[in-house]
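Step one of this worksheet: look at the structure below.
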Amino acid sequence: MLPFAADQSGTGGFEPPSIADFFPAPVLFQGTWLEFNRIMLVRLIAALVLVTFMVVVARRARLVPGRTQAAVEMILDFVRVNVVNEILGSERGRRYAAMLTTVFFGILAFNLTGAIPGLNIAGTSLIGLPVLLAVWAYVTYLSAGVKAQGFGGFVKSSLFPPGVPWFMYILLTPIELLQVLVIRPATLAIRLMANMVSGHLMLALCFAATQYFVVEAAPGLKVFGALTLVASLALTAFEVFVAALQAYIFVVLTAVYISLSVEAEH
Amino acid sequence: MSTAALAAAVVTAATQEPDGVNLLIPHTFDIVWSLVVLIIIAVPFRIWVLPAFQRVLDERAEKIEGGLAKAESAQEEAAAVLGQYQQHLADARAEAARIREDARTEGAQIVADLRTKAQEEAARILETAQRQVEAERQQAVVALRSDVGALATQLAEKIVGESLADEVRRSRVVERFLDDLEADQAAGVATGQGKGA
């Protein structure tokens with residue numbers, strides 16, 4: 001990649017993606033807490049499209065589903081069966097099904113924008129949204145724990161896992177405290193963000209390299225353009241997969257954290 | 267818009283490359299807009315989308331359960347009807363067998379009766395015939411006897427009338443007749459004894 005970097009002078013040339021992609025120039029309200037830029041727009045579009053689509057499908061929902069409704073129901077079923085029922089159980093999970101489903105659909109929509117031409121960046125690749133989602137999960141599993149076991153019971157079962165010799169608590173309790181209060185939400189947010197950032201960098205790299213090879217590189221190098229084009233197609237497919245996978249991982253972990261909080265023993 | 271933003275991004279990248287750690291530190295506006303889009307998604311999901319799908323799913327589950335129950339009851343009904351039908355069939359078969367048996371018995375009875383009656387009739391006819399024959403024979407015997415007597419008398423009158431024209435011959439004939447009679451009686455006794463029975 002270094003030799004290409006040398007070309008980065010004058011007009012055009014190879015433009016590798018950089019972290020700057022995630023900090024586009026503000027479009028509106030620069031410098032205020034309402035500063036609006038490209039990524040915010042992408043998020044807004046994703047949210048509006050998702051909500052419009054889902055509301056329309058829900059409005060038209062019939063007993064005998066059409067194709068679109070069946071597809072949406074398949075995803076809903078996937079969350080309800082493979083996440084909620086499997087991890088929390090159908091009885092206990094009912095209270096959290098709405099939250100987990102909403103989070104899954106939201107993350108999926110924001111992740112997919114990274115693979116959609118024209119949008120080209122995942123709404124979740126900027127840390128604010130993953131942090132908010134993690135906070136939502138955090139509040140949910142903490143309140144679930146307190147609701148299920150009472151504050152004292154929740155603290156006791158979380159920080160002092162039963163079946164361990166007392167002196168181990170000296171080691172375990174700080175770790176558990178850190179785990180419950182910091183590590184879990186932080187990893188939720190950072191995992192999601194980092195996956196989307198790396199996905200964007202890989203895709204953008206392939207697109208930029210293809211453009212460079214085909215348009216500007218020496219004739220002998222143009223053949224590499226085909227390679228990077230194929231790679232960018234494959235990576236796009238891979239990004240779609242990762243988008244779904246990360247949405248799934250986020251809700252599965254949230255469900256697991258809720259389950260850990262609700263159960264007295266784990 | 268997108269190209270403008272991209273151009274701006276390029277400019278930004280050229281002027282100041284952001285530090286990698288910035289990726290982990292959210293800006294206030296990032297949080298604010300994230301909150302906005304999350305609310306945009308979460309509220310309609312909570313109010314319209316999820317309840318609507320839940321309602322449809324519940325309705326469908328209910329319908330399916332109702333359908334299954336209906337199918338089950340229909341099956342039970344069919345089984346009951348089949349049982350009844352088989353029962354009727356068995357009854358009908360038994361009835362038919364009984365009727366056939368009755369008919370056979372009755373037929374045998376009728377044949378036996380007819381045979382008896384025929385035999386009686388035949389015997390009656392035979393007896394009547396015999397009696398008639400007997401009666402006719404009797405009549406014939408009576409008639410024959412009277413005819414023979416008359417014929418004999420006529421013949422005797424003819425013979426006697428002709429020859430009894432004169433007294434002498436009459437008395438002679440009578441004499442001879444009486445003699446014959448006596449002789450006949452004597453002979454008749456002898457032959458009667460000889461021929462006997």
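Residue numbers (the numbering used here), protein chains in the order written: chain A, 1 to 266; chain B, 267 to 463.
Yeah, the Cβ is synthetic: ideal placement off N, Cα and C, and Gly gets one too.
- The beta carbon of A/GLY145 sits closer than 6 angstroms to those of PHE154, SER261, all from its chain and outside the five residues before and after it, given in chain order.
- Beta-bridge annotation (DSSP): A/ASN37 is paired with A/PRO26.
- In the three-state DSSP reduction, A/HIS200 falls in the helix class (H, G or I).
- Rounded to whole angstroms, A/LYS147 and A/ARG67 show a C-alpha spacing of 40 angstroms.
- Residue contact check for A/GLY225 against chain B: no CB pair falls below 8 angstroms.
- Counting other Cβ atoms within 10 Å of its Cβ, B/HIS354 stays below 16 and is therefore classed as exposed.
- Interface flag for B/ASP296 against chain A is set, since a Cβ pair is found closer than 8 angstroms.
- A/LEU178 and A/TYR248 have their C-alpha atoms spaced approximately 24 angstroms apart.
- Within chain B, no residue has its beta carbon less than 7 angstroms from that of A/ILE258; the closest one is some 17 angstroms off.
- For A/THR228, the secondary structure class from DSSP, reduced to helix, strand or coil, is helix.
- Within the stretch 327-338 of chain B, those residues whose Cβ lies closer than 8 angstroms to any Cβ of chain A are, in chain order, LYS329.
- At a Cβ-Cβ threshold of 8 angstroms, A/GLY114 and A/GLU239 count as neighbours.
- Among the CB atoms of chain B, none fall inside 8 angstroms of the CB of A/TRP166.
- Within chain B, the residues placing a beta-carbon under 7 angstroms from that of A/MET40 are TRP299, ordered along the chain.
- Taking C-alpha positions only, B/ARG326 is separated from A/VAL72 by approximately 15 angstroms.
- Unbroken alpha helix (DSSP H) runs of no fewer than 4 residues, entirely contained in the stretch 49-99 of chain A, are found at 67-77, following chain order.
- With 16 or more other Cβ atoms from the protein chains shown falling within 10 Å of its own Cβ, A/PRO24 counts as buried.
- At a C-beta separation below 8 angstroms, A/THR102 has these neighbours in chain B: ILE307, ALA308, PHE311, ARG312, LEU316.
- Distance from the CA atom of B/LEU417 to the CA atom of B/GLU402, rounded to whole angstroms, is 21 angstroms.
- A/TRP166 counts as exposed, since fewer than 16 other C-beta atoms from the protein chains shown sit within 10 angstroms of its C-beta.
- In terms of CA proximity to A/GLU263, A/GLY93 leads the group A/ARG38, A/VAL56, A/GLY93.
- The C-beta of A/LEU34 comes closer than 8 angstroms to at least one C-beta of chain B.
- Taking C-alpha positions only, A/LEU100 is separated from A/ILE87 by approximately 12 angstroms.
- If you check the CB distance, A/ALA243 and A/LEU112 come in under 8 angstroms.
- Taken atom to atom, the span from the alpha-carbon of B/ALA388 to that of B/ARG370 is near 26 angstroms.
- Contacts with chain A at 8 angstroms (Cβ-Cβ) do not include B/LEU355.
- Taken through DSSP and simplified to helix, strand or coil, A/VAL164 comes out as coil.
- Residue A/ALA58 holds the alpha-carbon nearest to the alpha-carbon of B/ARG321 among A/PHE53, A/MET54, A/ALA58.
- Beta-carbon to beta-carbon, A/LEU159 and A/THR140 are separated by about 19 angstroms, too far to satisfy the 8 angstroms threshold.
- The C-beta of A/GLU73 comes closer than 8 angstroms to at least one C-beta of chain B.
- Counting along the chain, A/VAL180 sits inside no alpha helix (DSSP H), nor does DSSP assign it H or E at all.
- With its beta carbon at least 8 angstroms from every one in chain A, B/VAL347 lies outside the interface.
- Between the stretch 95-109 of chain A and the stretch 122-133 of chain A there are three or more inter-stretch CB-CB distances shorter than 8 angstroms, so the stretches are counted as touching.
- Exposed is the label assigned to A/LEU227, since fewer than 16 other Cβ atoms lie within 10 Å of its Cβ.
- When DSSP states are grouped into helix, strand and coil, B/ASP285 belongs to the coil group.
- Counting along the chain, the unbroken alpha helix (DSSP H) around A/THR140 starts and ends at 128-159.
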